[in-house]
Amino acid sequence: MALVLLWPRVRGGPPAGRLAVEVVVTMLALAGLLWGLLVAAQRLPW
């Protein structure tokens with residue numbers, strides 16, 4: 001996820017369209033991470 005955030009900036013800054021894609025990808029990555037944590041927490045023997 002850090003690479004997704006840093007890669008456009010390393011190449012001179014993202015244009016508006018790329019920035020929108022970057023935000024969407026970041027949100028999807030965070031949502032997937034949260035979902036995985038919730039699923040893992042439910043499978044733990046409490």
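Here my numbering is used: the first residue of the sequence shown is 1, the next is one more, and so on. All residues carry an ideal CB built from backbone N, CA and C; glycine is no exception. None of these values were measured; they are calculated from a predicted model.
task: Indicate the three-state DSSP secondary structure (helix, strand or coil) for L44 in the structure shown.
output: coil
- request: Kindly list the residues whose CB is nearer than 8 Å to the CB of M27, restricted to its own chain and excluding five residues on each side of it in sequence; keep chain order.
  value: none
message: For V23 and A40, what's the separation of their Cα atoms in angstroms?
response: 26 Å
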